[in-house]
Amino acid sequence: MKQSPVFLAFDLGAESGRLMAGRLQDNHWTMEEIHRFRNGPVPVGNHLHWDILRLWEEMQTGLAKAGSRYGKEMASLGVDAWGVDFGLLADDGTLLGNPFHYRDARTEGMVETASRVISREALFSITGVQPMDINSLYQLLSMADTKVLERADVFLNIPDLLNYWLCGRKASEWTIASTTQCLDARRRNWAEDVLAKFNIPRGLFQSIVPPGTILDELSPGVAFPAGCGRIPVIGVGSHDTASAIAAVPAGDPKFIFLSSGTWSLMGVEVEDPILTAQALEYGFSNEGGVNGKYLLLKNISGLWLLQECKRAWCASQPQWTYDSLIRSAQEASPFVCFVPPGDARFLSPGNMPGRIQAYCRSTGQTVPQSNGEIVRCILESLAMEYRRTAEQLTELLGCSIPIIHIIGGGSRNQLLNQFSANATQRSVVAGPVEATALGNVIGQAVAAGHLSSWEEGRLLAQRFETLTWNSPADGAAWEEAYTRYSDLLKTPRM
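Sequential numbering from 1 applies to the sequence shown in our numbering.
As structure tokens, then:
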């Protein structure tokens, strides 16, 4: 049996992180989970942070497990993670405090503050990124005149920070840098004029490197205790979305992707950024993809609502699982009520079931009572938002794309997959679940020369796991329900 060496992929998400080991065996990818650990916001006083040192400790634990299992078979490692958040380093490389969580309230109102300096339209025409309070730019603005920012010498997004700790090189990988709203989309480099207008020091930002860059070897202080040798650290598609899209098992280059997790990232690959006023109005961003592509996508508050509801219910009824909640939603009546997933009322952690009920009450809808009714409301509302996004993409591109690839952990939600097919009246292909980790190892294999191109990696991704196809159904009922959802979005906020 012909097989490649082992590529190690650290995949860090908002709820959990894990270390996956991938290898090619007879032109077929195999993936094995080595270590999994929890992640999430940590409240400290009035703020939310990431426990970055615990994540670092878990990564070292994972490396030790991999070293024990694979030894000299290991070829390289890569890190992907969520976007926008970052660490600041002093001039001696010391981390200046725990990184803030993107849902921290300190950025509230920063979009409006920034628009007095540069209009939203002008800023979008340069950066191509939708103005959102969570973006790195607004996080930095919220830190203006603080001692931390005064002492800062280096800005590194989360995967870049972890790469620095792994191998000692300070660099900004392009896909993760593109989430900051500090990058010039056309020039593919830091937007120096924007930074200057906001008095953000240009010197904080490191050189941009493309996905697939060999950064350096694993530092001795990390490698030797783990028993894994000084293997190369690869700057993969460090934004988890970019790595996930790299593993979409599409035979046709024209497809809609939907990376489904805490966030739903829905969009298409394009050669050049789309910086029009219409793209801004519709809520799209241009984020970096692999192989020189841009990802024209919309950030939709995806399974976050379901995750928060489960957390609230499990506080008093710990027996609830995602599977049991989905089953209860299947038994609930359809189209009882809807919520706009991206409404500001649902952005922060808290009593999500109560907020959903309050929204339905304030908009004159039937108020869901049971857990199943609330979950069905969430899933149907998400499917409606996917329909709206697909229609907006058709308008921006000037053509309709008939197939949606749903990837990531949310692709296991078969009920949502079918709802998405029904709402959009498009074929939905679900899988792979492990798209992000798979895209991570594809990037390493391309960098090491084990694959000739990113395209070859995507071709092999088609053989990774059995895919689920969902055909659209119940078109008339979903069309009528979508009209109600659209009318709801026009309702003035209470």
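Note that the Cβ used here is the ideal one computed from N, Cα and C, for glycine as well.
Item                                                                                                                     : Value
Simplified DSSP state of residue 135, which is helix, strand or coil                                                     : coil
Residue 414: first and last residue of the uninterrupted alpha helix (DSSP H) it sits in                                 : 414-424
Cβ-based neighbour list, residue 151, same chain, cut-off 7 Å, excluding 5 preceding and 5 following                     : 90, 96
Contact set for residue 534: own chain, Cβ-Cβ below 7 Å, skip 5 residues either direction                                : In this structure the chain extends from 1 to 494, so residue 534 is not present and cannot be described.
Three-state class that DSSP yields for residue 12 in the structure shown                                                 : strand
Environment of residue 469 [buried if 16+ CB atoms lie within 10 Å]                                                      : exposed
Euclidean distance between Cα positions of residue 83 and residue 157                                                    : 7 Å
Chain D within 7 Å of residue 53, Cβ atoms only                                                                          : No chain D appears in this structure, which consists of one protein chain only.
Alpha-carbon to alpha-carbon, residue 273 and residue 326                                                                : 38 Å
Extent of the continuous beta strand (DSSP E) run through residue 256                                                    : 256-260
Integer Cβ distance of residue 405 from residue 257, believed to fall under 8 Å                                          : 5 Å
Nonlocal neighbours in the same chain, by C-beta distance under 6 Å from residue 104, ignoring five residues either side : 47, 48
Of the listed residues 374, 401, 339, 403, nearest to residue 482 (C-alpha basis)                                        : 339
Residue 286 (DSSP reduced to helix, strand or coil)                                                                      : strand
Continuous beta strand (DSSP E) stretch holding residue 79: start and end                                                : 74-80
Complete beta strand (DSSP E) runs within the region 15-55 (minimum length 3 residues, chain order)                      : 16-25, 28-38, 41-44, 47-50
Local conformation of residue 430 per DSSP, three classes                                                                : strand
Reduced DSSP secondary structure (H/G/I, E/B, other) of residue 480                                                      : helix
Best match in 392, 226, 337 for proximity to residue 366 [C-alpha to C-alpha]                                            : 337
Of the residues 136, 239, 174, 161, the one placed nearest residue 195, counting alpha carbons only                      : 136
Residue nearest to residue 276 in terms of C-alpha spacing, selected from 122, 4, 60, 39                                 : 122
Exposure label - residue 199; buried when at least 16 CB within 10 Å                                                     : exposed
Integer-rounded CB distance, given that residue 385 should sit under 8 Å from residue 341                                : 6 Å
For residue 71, the three-state DSSP class (helix, strand or coil)                                                       : helix
Stretch-stretch touch, CB-based, cutoff 8 Å, three pairs: the region 64-81 with the region 431-445                       : yes
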